[in-house]
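In what follows, a structure is listed as structure tokens, so that the remarks can point back to it.
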Amino acid sequence: ILNVEQSPQSLHVQEGDSTNFTCSFPSSNFYALHWYRWETAKSPEALFVMTLNGDEKKKGRISATLNTKEGYSYLYIKGSQPEDSATYLCASYGGSQGNLIFGKGTKLSVKP
Amino acid sequence: DAGVTQSPTHLIKTRGQQVTLRCSPISGHKSVSWYQQVLGQGPQFIFQYYEKEERGRGNFPDRFSARQFPNYSSELNVNALLLGDSALYLCASSLDWDRGTEAFFGQGTRLTVV
Chain A
207 ILNVEQSPQS LHVQEGDSTN FTCSFPSSNF YALHWYRWET AKSPEALFVM TLNGDEKKKG
267 RISATLNTKE GYSYLYIKGS QPEDSATYLC ASYGGSQGNL IFGKGTKLSV KP
Chain B
26 DAGVTQSPTH LIKTRGQQVT LRCSPISGHK SVSWYQQVLG QGPQFIFQYY EKEERGRGNF
86 PDRFSARQFP NYSSELNVNA LLLGDSALYL CASSLDWDRG TEAFFGQGTR LTVV
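The listed protein sequences derive, respectively, from chains A and B. Letter by letter, the first sequence follows residues 207 to 318 of the working numbering. Letter by letter, the second sequence follows residues 26 to 139 of the working numbering.
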């Protein structure tokens, strides 16, 4: 059974601050790591799917890195905006069953 | 293109009753997965279907069942509802079930069992 852990649980920043959070996962039998952004009353929205050690992906002000050997991924947000306020979920792909194993998420609040 | 649609959006049921939740995937997507999310936790995997066959099942009791239809839509059934079944049920669709395939989620069905 995989355990996916995310830290911190919540984060409060001011508009313009840059921030980052961590997702850790067992490094054995790694398949893929997914990041999602989930705004209140909306659907979780896929940000990145990462499969290779050393992967770095970027979408606008958001970027992510992946280290499969040590079992962690970082999500970075540069110059946070109020619209970035959401819960950020990471999920490790479970393998044969095709399922995602999610962490509990990091709730980000960006104050204007 | 329409996204993943789920119905109903909210539902209140009594303990012991049965419930059916529905999911329509994005057009062209052949894989549908179901997740349960309770407050303070990440979504937990319930089922995955691909091309109308069950590909995976999470650690849920037999009271939970699902199926996928020829048009790739899906239903999740829960029998003999318990208070602990109260949760947000999310459906996700994807082109296939490979590790690198992005999953697209619906807005969920909020089930309350009283």
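From the three backbone atoms N, C-alpha and C, an ideal C-beta is built for every residue, glycine too.
Annotation for T225 of chain A: the continuous beta strand (DSSP E) segment containing it runs T225 to S230. Per DSSP, the beta-bridge partners of N273 of chain A are A:Y278. Among the residues facing chain B, Q220 of chain A is not included, as its CB has no counterpart in that chain under 8 Å away. Here L101 of chain B carries a strand assignment [DSSP, helix/strand/coil].
D261 of chain A has its alpha-carbon roughly 42 Å from the corresponding atom of V44 of chain B. An exposed status is given to A27 of chain B, since fewer than 16 other beta-carbon atoms sit within 10 Å of its beta-carbon. Beyond the five residues adjoining it in sequence on each side, D223 of chain A comes within less than 7 Å, by CB distance, of S286 in the same chain, given in chain order.
At a cut-off of 8 Å between beta-carbon atoms, E78 of chain B makes no contact with chain A. Excluding residues up to 5 positions away in sequence, S216, L217, H218, V219 and S291 lie with their Cβ nearer than 8 Å to the Cβ of S315 of chain A in the same chain.
Inter-residue distance for G309 of chain A and H35 of chain B is about 25 Å (C-alpha atoms, whole angstroms).
Collapsing the DSSP output to three states places G83 of chain B in coil. In the structure shown, L108 of chain B adopts helical secondary structure according to DSSP, grouped into three states. Look at E76 of chain B here: in three-state DSSP terms it is coil, with no helix or strand label. Neighbours of P68 of chain B in chain A, taken as residues at a C-beta separation under 7 Å, are given in chain order as F308.
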